[in-house]
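Residue numbers (my numbering): 2 to 341.
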C-alpha cells in the first residue's frame, strides 16, 4: 500500500501532473508580470487572459520536427534532460507540499531523513550539468561557448546557493532538532523570524539564495550562457522541437522547485496557518508568488552582466555573505540560552 501511495505522490501530486500544471501557471504569471514591467501586455489571446499560452507553446514544440544535427549526441541529450527532470521532481517529495493528501485521502508517505538536504543539493546540480553538456554535445561553436559559460558560473553560484540553503536548515536543526531534514526544517523555519538574531541570518541567506537561484536559472542579469546578441541561444542554439520543449520544461521546473524550496525553508511555507487546508494553501501560494515576483523584478530591472562581472559579484560578495551566514548559524546553539 505504501508503494502505491508513493507512486501516486510521484506521478500525480505533488509530482509530475501537479508540477506540470504549476509550472505552466508560473510561466504565465512570470510572462505577464515581466511584460507589465516593460509596458507590454504579455500573453493575451490563448485562453482567458492568455492563461493557456504556455501550454500552447509547449505543445507546439512537442509536435514540431526534431531536427538532428550531424555529429550531435542526440540520444544522450534527451536522456540527460529526462533524468534531470526526474531529479528535480524528486526534491518535491522531501518537502511538506504533499501534506494536503493526509487531509483529503487520510494517507501520506513522508520522505525525510537526516541530512537529506545534501541529496537535494546534489539533485539540483543535475539540470545545470545537463544543460551544459547539451551545449558540448552539439558541434555548433555557439553551443560550445554557451556550455563553457555555464560551467564557468557553476562553481560560484552552486556553492553560494548550497551555503544559503544550509543556513536555515542548520538553524532549525541546531535550535529545534530538525535533523538537517528539509521536511522537518520546513515545518520549523517560520520560527526563525521571531528573534532578531536568527531573523538577520535568515534574511541574509535569503538574499544570497535569491541571487544564486537567479544565476542558476540563467535569467537576467545572469543570462550569460544564452546571450542572444552574442551567441544566438548558447547551449540551445541547435535544439528544436521536443528537445527544446524539454529544455524549457526543465528550466521552468527549476524555477518552480527552487522558489518552492525557498518558500518552505526561508518563509515557513504555509506557516502560521497550518489548518484549515485552504488557509495553509493560500498562505503558501502568496509566499510563493512573492518569491517568483522578486525574481521576475530582478530580471526586468537589471541588464546582463559580463562573465567576469558575474564571477566577481559571487566571489567577492555573494559567496562570502552566504558563508558568513552559515558560520554564524552554526554558532547559534552557543547563544541559545541568552537569545531564545
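Virtual Cβ for every residue (Gly too), placed ideally from N, Cα, C. Nothing here was measured: the structure is a model prediction, and the numbers come from that model.
Query: Beta-carbon proximity of residue 187 to residue 96, cut-off 7 Å; Result: yes
Query: DSSP state of residue 95 mapped onto helix, strand, coil; Result: coil
Query: Residue interval of the alpha helix (DSSP H) (run including residue 265); Result: 242-268
Query: Spatially closest choice to residue 155 from 320, 324, 325 and 183, by CA coordinates; Result: 320
Query: Cα-Cα separation between residue 164 and residue 281, rounded to whole angstroms; Result: 28 Å
Query: CB of residue 300 within 7 Å of CB of residue 220, strictly; Result: yes
Query: Residue range of the unbroken alpha helix (DSSP H) whose run includes residue 117; Result: 117-137
Query: Integer-rounded CB distance, given that residue 216 should sit under 8 Å from residue 311; Result: 7 Å
Query: Assigned exposure category for residue 143 - 16 Cβ within 10 Å defines buried; Result: buried
Query: Three-state secondary structure (DSSP) of residue 219; Result: coil
Query: Assigned secondary structure, residue 180 (DSSP; H/G/I helix, E/B strand, else coil); Result: coil
Query: C-alpha distance - residue 117 paired with residue 41, whole-angstrom precision; Result: 43 Å
Query: Nearest-angstrom beta carbon gap, residue 289 and residue 24 [assumed within contact, 8 Å]; Result: Not a contact, Cβ separation roughly 12 Å.
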